[in-house]
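S.K.: Can you keep this structure in mind? I'll have questions shortly.
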Amino acid sequence: MLRKFNLLIEKTAHGAFLLGVFGGVVMTGLIFVSTLMRYLGGRPLRFSDELAGLLFLSLTFLCLPYVLDQGRHIRIEILLKLAPPAMARIMDVIGTITLVTFCVVFAYEAWDFMDFSRSISSRADISGILLWPWMAIMPFSMLLCILVQFRHGIRQPLADRALEEEAL
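This is the structure:
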């Protein structure tokens, strides 16, 4: 059962990552086309700025859980390397607690924000894009980050050292 849970979280995070990357590709294409239209046609796409912003939100939040799962998030490792092993483990646990606390608070606040947006049927100014589905990405991402962290226990996920050495 636990193995199925781990696999489900891993696959969900990877699927969200791929969706986020796709959003980034679409965002890049949209900005490119809008720029061409501005300089060659004299008028950019009217909705390009709004949609690019929403796609950037998607790229950022959908990629977070996978990056956390792979241990590729930003870490201050110099402190961990300078500290004795026992202190480094305590710092790791404090980092995990901080991450989970942040994700819980952020998910709660983002859910309220999204729910309010849904209740008033908030739309983008120029394009009229319904905003609450895009806002739902934020609490989804934070909840998935919490599940990813639970998948790894109280320790922060570590990146594959072979990949880091290969990059050097």
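Each residue of the sequence shown is one higher than the one before, starting from 151 at the first, in my numbering.
Where a beta carbon is used, it is the ideal one built from N, C-alpha and C, also for glycine.
(1) Return helix, strand or coil for residue 312, following the three-state DSSP convention.
(2) Curious, which full-length alpha helix (DSSP H) runs of at least 4 residues does the segment 245–307 contain?
(3) Along the chain, where does the alpha helix (DSSP H) containing residue 177 start, and where does it finish?
(4) Tell whether a beta-carbon distance below 9 Å holds between residue 297 and residue 215.
(5) When you compare each of 264, 266 and 221 to residue 305 by their alpha carbons, which one comes out closest?
(6) Under three-state DSSP, which class holds residue 201?
(7) Quick one, which of 282, 260 and 167 has its alpha-carbon nearest residue 269's?
(8) Using CA atoms only, rank isn't needed, just tell me which of 259, 230, 258 and 255 is closest to residue 245.
(9) What first and last residue would you give for the alpha helix (DSSP H) that runs through residue 224?
(10) Go ahead and label residue 271 buried or exposed: buried means 16 or more other beta carbons lie within 10 angstroms of its beta carbon, across all protein chains shown.
(11) How would you label residue 228, buried or exposed, when you count the other beta carbons within 10 angstroms and need 16 or more for buried?
(12) At a cut of 8 Å, does the segment 193–213 reach the segment 169–181 through at least three beta carbon pairs?
(13) Within this structure, are the beta carbons of residue 279 and residue 201 separated by less than 9 Å?
M.R.: The structure says:
(1) Confidence at residue 312 is low in this model, with a pLDDT of 43, below 50, so its placement is unreliable and the value that follows should be read with caution. The answer is helix: DSSP assigns residue 312 an H, G or I state.
(2) Qualifying alpha helix (DSSP H) stretches, in chain order: 282–285 and 287–302.
(3) Looking at the DSSP string, the run of the alpha helix (DSSP H) that includes residue 177 is 152–186.
(4) Yes, the pair counts as a contact, with Cβ atoms nearer than the cut-off.
(5) The shortest C-alpha separation from residue 305 is found at 221.
(6) Reduced to three states, the DSSP call for residue 201 is helix.
(7) Residue 269 has its Cα closest to that of 282, out of 282, 260 and 167.
(8) A check of alpha carbon separations from residue 245 across 259, 230, 258 and 255 identifies 230 as the nearest.
(9) That residue, residue 224, is in no alpha helix (DSSP H); it is neither H nor E in DSSP.
(10) Residue 271 comes out exposed.
(11) Answer is exposed; the Cβ neighbour count stays below 16.
(12) The segment 193–213, when compared against the segment 169–181, does touch it at the 8 Å Cβ threshold.
(13) Yes, the Cβ-Cβ distance between residue 279 and residue 201 is below 9 Å.
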